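The working numbering puts the first residue of the sequence shown at 235, with every later residue one more than the last.
Yeah, the Cβ is synthetic: ideal placement off N, Cα and C, and Gly gets one too.
Please read these numbers as outputs of a predicted model, since none were measured by experiment.
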Amino acid sequence: MTTAFILIAGSLAAGALVLLLWPLLRRRGDGQPASTLAAATVLCAILLGGAGLYAAFSKYTWDASAPESADTPAAMTAKLAKRLASQPDDLEGWLMLGRSYLTLEQYPLAVRAYQRADRLANGSNVEAIIGVGESLVAEDSSALEGAAGKLFERALEIDPNNAKATFYSAFAAMARGDLAKAKQRFQQMLALNPPPEVRQIIETRVAAIEAQLGNTEAASAATAGAGGAAIISVRVTISPELARRVPAGTSLFVAARDPQNPGPPFAAKRLVARFPVDVELTPADAMMPSRHISAGQQLDVVARVALGGTPTATSGDPFGQVSYHVGQDGRLNIVIDRTAP
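Take a look at the structure:
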């Protein structure tokens, strides 16, 4: 690196000297002699002055023992990846590479590294399994409801007392709306004797879940006492034209909303997009304790295929909807026959 720089700098200096000294050294047409003294002055100014200015203002170090840029985390990670290309069966190396990519926020590469470690361990390495899930969540938090959540559950099957897997699986259960399992997981974390500050956070979360579960049960009891069933029942189908655009494994969201009062749905479910499918929404599917289905409501029920995999609609998502009178209507049909603008 240093030698190349000196050669390039020397070539540029030589070129500059030729351009400047040639007019001074050649004999002019009017018989005047060449300006030898001026040429010597220019030569010294360029060589000595340039070297002095570079030494004074440059931050470059000429010490061969000084650390180079190859010692940066990114460069060291690249060296590790290059080594693993020739040593593909190094399980610990792939785990280290996954951790490095995760630290560098290169999440797709972290997923690939941890997946390689998972394959090498024949699915038995908990760190590799959690690493894939953690990387997926870091890239897209909605992965908690799907692939990442399943990975954390798989890790717990191997190591039931793994704190990180328990932590993530608790939030995955909350994301899916499974409050009972979320409460169980948080209580499991309490049994692992976490630090006092972490224990306080978990206990606060458990109390909030218990309050939400209590409100949901109370809402269901109140609805039953009123004589009306707070249930929305729909059968969802899709037009043949749009069905061809839905890849296997795509998510289907079914949600009940108040057309006169925008805000979070009164109830929602996430399913795999297979048609036809019968769906029921009840107060247990509420996203907020204060916003749940009750008899007498007139709600819009929307069924949307999430091509982008997100809970919020994106342009091109196929959907259909129907107006539903809770407590009076039976099972209604929703045909997915249009796309979101």
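Item checked: Meets three-Cβ-pair contact criterion under 8 Å: the segment 496 to 509 and the segment 435 to 448 -> Taking 8 Å as the limit for Cβ pairs, the verdict is that the segment 435 to 448 does not touch the segment 496 to 509.
Next item on the list: Decide if glutamate 444 is buried, meaning its Cβ has at least 16 other Cβ atoms within 10 Å, or exposed.
Entry: Numbered from its first residue, the sequence shown carries residue 444 at position 210. Exposed.
Item checked: Cβ pair leucine 515, alanine 547 closer than 9 Å -> In the sequence shown, residue 515 corresponds to position 281, counting from 1. In the sequence shown, residue 547 corresponds to position 313, counting from 1. Cβ distance not < 9 Å, so leucine 515 and alanine 547 don't count as in contact.
Check: Do three or more CB pairs link the segment 467 to 480 to the segment 518 to 528 at distances below 8 Å?
Finding: As far as the Cβ criterion goes, the segment 467 to 480 does not touch the segment 518 to 528, which means the pair count is below three.
Check: Among Val468, Ala520 and Arg572, which has the Cα closest to the Cα of serine 557?
Finding: The count along the sequence shown starts at 1 and reaches residue 557 at position 323. Closest option to serine 557, Cα to Cα, is Val468.
Notebook entry, point to check: If you draw a straight line from the alpha carbon of glycine 365 to that of serine 549, how long is it in whole angstroms?
Noted result: The sequence position of residue 365 within the sequence shown is 131, counting from 1. The sequence position of residue 549 within the sequence shown is 315, counting from 1. The alpha-carbon atoms of glycine 365 and serine 549 are separated by roughly 32 Å.
Check: With DSSP run on the structure shown, which of helix, strand or coil describes isoleucine 570?
Finding: Reading the sequence shown from its first residue, position 336 is the one you call residue 570. Three-state DSSP puts isoleucine 570 in a strand.
Check: Between methionine 330 and proline 481, what straight-line distance do the alpha-carbon atoms span, to the nearest angstrom?
Finding: Counted from its first residue, the sequence shown places residue 330 at position 96. Counted from its first residue, the sequence shown places residue 481 at position 247. The alpha-carbon of methionine 330 is positioned some 34 Å away from that of proline 481.
Checklist line | Rounded C-alpha distance that separates glycine 327 from glycine 561 | finding: Stepping through the sequence shown from its first residue, residue 327 is reached at position 93. Stepping through the sequence shown from its first residue, residue 561 is reached at position 327. A direct Cα-Cα distance of roughly 60 Å separates glycine 327 from glycine 561.
Item checked: arginine 317, buried or exposed, once every other Cβ within 10 Å from all chains shown has been counted against 16 -> Along the sequence shown, read from residue 1 onward, the residue named residue 317 stands at position 83. Exposed, by the Cβ-count rule.
Notebook entry, point to check: For the beta strand (DSSP E) that glutamate 379 lies in, which residues bound it at each end?
Noted result: Walking along the sequence shown from the start, residue 379 turns up at place 145. Premise fails: glutamate 379 is in no beta strand (DSSP E) and is neither H nor E.
Note to self: Under DSSP, the alpha helix (DSSP H) around serine 320 begins and ends at which residues?
What the structure shows: Indexing the sequence shown from 1 puts residue 320 at position 86. It spans 307 to 320 - the alpha helix (DSSP H) in which serine 320 sits, taken as one unbroken run.
Checklist line | Which of helix, strand or coil DSSP assigns to threonine 471 | finding: Taking the sequence shown and counting its residues from 1, the one referred to as residue 471 is at position 237. Residue state, collapsed to three classes: strand.
Notebook entry, point to check: Around the Cβ of threonine 457, are there at least 16 other Cβ atoms within 10 angstroms (buried) or fewer (exposed)?
Noted result: The residue labelled residue 457 in the question sits at position 223 within the sequence shown. With a pLDDT of 46 at threonine 457, under the threshold of 50, the predicted position of this residue should be treated as unreliable, though the coordinate-derived value follows. Looking at its Cβ environment, which holds 16 or more other Cβ atoms inside 10 Å, threonine 457 is buried.
Checklist line | Inter-residue CB distance, leucine 370 and alanine 381 (contact presumed, cutoff 8 Å) | finding: One-based indexing of the sequence shown puts residue 370 at position 136. One-based indexing of the sequence shown puts residue 381 at position 147. Taking 8 Å as the upper bound for CB-CB distance, leucine 370 and alanine 381 are in contact here, some 6 Å apart.
Check: Nearest CA to the CA of proline 342: which residue from Ala399, Gly497 and Asp374?
Finding: Walking along the sequence shown from the start, residue 342 turns up at place 108. Comparing Cα positions, the closest option is Asp374.
Item checked: Rounded straight-line distance, which links the Cα of alanine 540 to that of glutamate 379 -> For the purposes of this step, residue 379 is taken as residue 145 along the sequence shown, with counting starting at 1. For the purposes of this step, residue 540 is taken as residue 306 along the sequence shown, with counting starting at 1. When rounded, the separation of the alpha-carbon atoms in glutamate 379 and alanine 540 is 14 Å.
Checklist line | Per-residue burial, glutamate 361 [other beta carbons within 10 Å of its own, 16 or more giving buried] | finding: Taking the first residue of the sequence shown as position 1, residue 361 is located at position 127. Result: buried.
Margin query: Starting from glycine 554, trace the beta strand (DSSP E) in both directions and tell me its first and last residue.
Written below: Translated into positions along the sequence shown, residue 554 becomes position 320. Per DSSP, glycine 554 belongs to the beta strand (DSSP E) from 552 to 559.
Item checked: Same chain only: Cβ atoms within 7 Å of isoleucine 363, ignoring 5 sequence neighbours per side -> Position 129 of the sequence shown holds residue 363. Excluding positions up to five away in sequence, the list reads Asp352, Leu385, Arg388 and Ala389.
Next item on the list: Closer than 7 Å by C-beta to alanine 347: which residues in its own chain qualify, once you throw out the five before and the five after it? Chain order, please.
Entry: Here residue 347 refers to the residue found at position 113 when the sequence shown is read from its first residue. So the list reads Trp328, Leu331, Gly332 and Tyr335, once near-sequence residues are dropped.
Note to self: Quick check: leucine 533 and valine 511, are their CB atoms within less than 9 Å of each other?
What the structure shows: As a working mapping, residue 533 is identified with position 299 in the sequence shown. As a working mapping, residue 511 is identified with position 277 in the sequence shown. Not a contact, by the Cβ cut-off of 9 Å.
Next item on the list: Work out the CA separation of alanine 507 and glycine 483 for me, nearest whole Å.
Entry: In the sequence shown, counting from the first residue as 1, residue 483 sits at position 249. In the sequence shown, counting from the first residue as 1, residue 507 sits at position 273. Approximately 7 Å, taken between the alpha carbons.
Notebook entry, point to check: alanine 456 by DSSP, collapsed to three states: which one?
Noted result: Start at 1 with the first residue of the sequence shown, and residue 456 comes out as number 222. Any answer about alanine 456 is weak, because its pLDDT of 47 lies below 50 and its placement is not dependable; what the coordinates show is given next. Collapsing the DSSP output to three states places alanine 456 in a helix.
Note to self: For leucine 338, tell me which candidate among Asp323, Pro322, Ala309 and Pro429 has the shortest Cα-Cα distance.
What the structure shows: Mapped onto the sequence shown, residue 338 falls at position 104. Leucine 338 has its Cα closest to that of Ala309, out of Asp323, Pro322, Ala309 and Pro429.
Item checked: Exposure label - serine 403; buried when at least 16 CB within 10 Å -> Counting from 1 along the sequence shown, the entry for residue 403 is found at position 169. Burial call: buried.
Checklist line | Spatial distance of aspartate 492 from glutamine 422 (CA atoms) | finding: In the sequence shown, counting from the first residue as 1, residue 492 sits at position 258. In the sequence shown, counting from the first residue as 1, residue 422 sits at position 188. Taking the straight line from one Cα to the other gives about 38 Å.
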